[in-house]
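A.B. asks: Before I ask anything, here is the structure I am working with.
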Amino acid sequence: MASRKASQPKRDSGDKYSILLPTYNERENLPLIVWLLVKYFGESGYNYEIIVIDDGSPDGTLEVAEQLQNIYGEDKILLRPRATKLGLGTAYIHGIKHATGNFVIIMDADLSHHPKFIPEFIKKQKEGDYDLVSGTRYQGNGGVYGWDLRRKLISRGANFLSQVLLRPGASDLTGSFRLYKKAVLESLVERCVSKGYVFQMEMIVRARQLNYTIGEVPISFVDRVYGESKLGGNEIVSFVKGLITLFATT
Amino acid sequence: MTKLLEWLLGVSLVLAAWAVVSFDLLEQRLPQSYREAAWPMPLYLLVSFGCYSLGTVGYRVATFNDCDEASAELLGQIQEAKQDLRKKGLKI
């Protein structure tokens with residue numbers, strides 16, 4: 002009689018994927034994102050580890066992370082917390098130091114990025130041996146849930162401006178759902194100086210400068226936070242400043 | 016070369032070509048019609064680019080995918096995850 006349980010593919014390729022999850026006050030979302038990661042990696046058969054980099058969250062995110070470690074094992078859930086809220090760039094540097102995989106996946110921990118796309122990232126990476134694979138909201142059947150007209154206009158307008166000025170060869174510059182070869186991520190992070198949205202743009206721009214190859218995979222971005230944190234004038238101003246800086250220096 | 020320098024170079028070349036034709040700087044004795052056609056070119060190019068930009072951004076906003084199914088799927092999976100995690104002993 003045929004087995005009714007789908008057999009998990011055995012991947013002996015020796016590749017291991019380290020997922021970096023910088024967290025700040027993600028007590029509710031962290032278990033959910035970890036559960037989804039475990040589900041999709043389990044189904045795909047790839048070897049992985051999840052590195053939680055908590056910046057001293059006052060809501061007890063670290064304590065939840067410890068519970069998850071007990072449930073899923075210390076080889077799968079690594080905790081590398083920091084005492085206070087520091088930048089994303091330093092979180093990546095910190096995470097990479099402890100990553101034992103040869104590939105690193107960066108993503109948001111607030112469920113806006115869905116782990117179901119990770120097997121697609123991996124497949125794309127293998128197709129062209131890409132140095133990095135970027136999730137794009139702007140191509141194919143990529144898209145966003147939860148944005149009003151104003152937000153969409155700002156997003157497309159900013160992206161258009163970036164494309165005209167920087168001609169980066171990637172459709173989604175400010176996205177932060179990406180797969181990198183570990184060595185590539187290391188070399189990029191040490192060269193990047195910007196903050197926030199511009200940091201992610203700078204990573205792509207520097208990747209092009211260094212002739213790294215970039216693949217793209219359409220992703221859906223489910224924004225459940227937008228209602229609380231509107232994209233304000235300050236962020237727009239700092240984005241434009243950062244864009245001009247990149248334009249003038251790269 | 017930085018992108019800024021590339022742009023400055025490109026713009027300089029275009030303006031130089033325009034000036035040469037519009038003001039007959041090389042004394043080619045070009046027909047008046049050439050000079051009349053060339054003279055408003057920079058403005059035409061700017062306006063065309065402006066229209067192209069508005070059209071492109073407008074089109075992209077209008078066709079921006081709304082991932083309703085993704086949100087529904089996520090909500091369902093969140094419920095599934097919470098139940099499973101509770102079974103596994105997670106205390107929130």
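So the sequences go chain by chain: X and Z.
Heads up, the first sequence is in the working numbering, so the first residue is 2 and it goes up one at a time.
Heads up, the second sequence is in the working numbering, so the first residue is 16 and it goes up one at a time.
The beta carbon of each residue, even a glycine, is placed where N, CA and C say it ideally should be.
My assumption, with CB atoms under 8 angstroms, is that Z/Leu19 sits in contact with X/Ala249. Please give the rounded CB distance.
C.D. replies: The residue you call residue 19 of chain Z lines up with position 4 of the second sequence. The residue you call residue 249 of chain X lines up with position 248 of the first sequence. Between X/Ala249 and Z/Leu19 the Cβ distance is about 5 angstroms, and since that is below 8 angstroms, they are a contact.
A.B. asks: When we look at the beta-carbon of X/Asn30 and count the other beta-carbons within 10 Å, is it buried (16 or more) or exposed?
C.D. replies: As a working mapping, residue 30 of chain X is identified with position 29 in the first sequence. The residue is buried, with at least 16 neighbouring Cβ atoms inside 10 Å.
A.B. asks: When DSSP builds the beta bridges, which residues end up paired with X/Asn71?
C.D. replies: Residue mapping note: residue 71 of chain X aligns to position 70 of the first sequence, counting from 1. Answer is none; X/Asn71 lacks a bridge partner.
A.B. asks: Give a yes or no on whether the C-beta atoms belonging to X/Arg28 and X/Gly74 are separated by under 8 angstroms.
C.D. replies: Taking the first residue of the first sequence as 1, we reach residue 28 of chain X at position 27. Taking the first residue of the first sequence as 1, we reach residue 74 of chain X at position 73. No, Cβ-Cβ distance for X/Arg28 and X/Gly74 is not below 8 angstroms.
A.B. asks: Compare the C-beta of Z/Gln98 with all C-beta atoms of chain X and state if any pair is closer than 8 angstroms.
C.D. replies: Locating residue 98 of chain Z in the second sequence gives position 83, where the first residue counts as 1. Closer than 8 angstroms: no.
A.B. asks: Quick one: which unbroken beta strand (DSSP E) runs of 3-plus residues sit fully inside the stretch 102-158 of chain X? Chain order, please.
C.D. replies: With a minimum length of 3 residues, the continuous beta strand (DSSP E) runs that stay inside the stretch 102-158 of chain X are 104-107, 133-137, 144-146.
A.B. asks: For X/Asp55, list the residues DSSP reports as bridge partners.
C.D. replies: Counting from one through the first sequence, the residue named residue 55 of chain X turns up at place 54. Its beta-bridge partners are X/Thr24.
A.B. asks: Just the C-alpha distance for X/Leu33 and Z/Met16, rounded to the nearest angstrom, thanks.
C.D. replies: Residue mapping note: residue 33 of chain X aligns to position 32 of the first sequence, counting from 1. Residue mapping note: residue 16 of chain Z aligns to position 1 of the second sequence, counting from 1. Roughly 46 angstroms separates the two Cα atoms.
A.B. asks: So if I threshold CB-CB distances at 7 angstroms, which residues from the stretch 76-92 of chain Z count as touching chain X?
C.D. replies: Hits within the stretch, in order: Val76, Phe79, Asn80, Asp81, Cys82, Asp83, Ala85, Ser86, Leu89, Gln92.
A.B. asks: Can you tell me where the beta strand (DSSP E) holding Z/Tyr59 begins and where it ends?
C.D. replies: If you number the second sequence from 1, residue 59 of chain Z lands on position 44. First-last for Z/Tyr59: 56-77, but that is the alpha helix (DSSP H), not the beta strand (DSSP E).
A.B. asks: Listed from N- to C-terminal order along the chain, which residues in the stretch 104-124 of chain X have their beta-carbon within a distance smaller than 8 angstroms of any beta-carbon of chain Z?
C.D. replies: So the close ones are Leu112, His115.
A.B. asks: Please report how far the alpha carbon of Z/Ala77 lies from the alpha carbon of X/Ala171, in whole angstroms.
C.D. replies: Here residue 77 of chain Z refers to the residue found at position 62 of the second sequence. Here residue 171 of chain X refers to the residue found at position 170 of the first sequence. Whole-angstrom Cα-Cα distance: 21 angstroms.
A.B. asks: Is the separation between the beta-carbon of X/Val53 and that of X/Ile78 shorter than 8 angstroms?
C.D. replies: Position 52 of the first sequence, counted from the start, is the residue given in the question as residue 53 of chain X. Position 77 of the first sequence, counted from the start, is the residue given in the question as residue 78 of chain X. Going by C-beta atoms, X/Val53 is nearer than 8 angstroms to X/Ile78.
A.B. asks: What residues in the stretch 145-158 of chain X have a beta carbon less than 9 angstroms from any beta carbon of chain Z?
C.D. replies: Of all residues in the stretch 145-158 of chain X, Val145, Tyr146, Gly147, Trp148, Leu150, Lys153, Leu154, Ser156, Arg157, Gly158 have a Cβ within less than 9 angstroms of some Cβ in chain Z.
A.B. asks: Taking C-beta pairs closer than 8 angstroms, name the residues in chain Z that X/Gln68 reaches, listed in chain order.
C.D. replies: Counting from 1 along the first sequence, the entry for residue 68 of chain X is found at position 67. Result: Gly104, Leu105, Lys106.
A.B. asks: Secondary structure at X/Pro219, three-state DSSP: helix, strand or coil?
C.D. replies: The residue you call residue 219 of chain X lines up with position 218 of the first sequence. Residue state, collapsed to three classes: strand.
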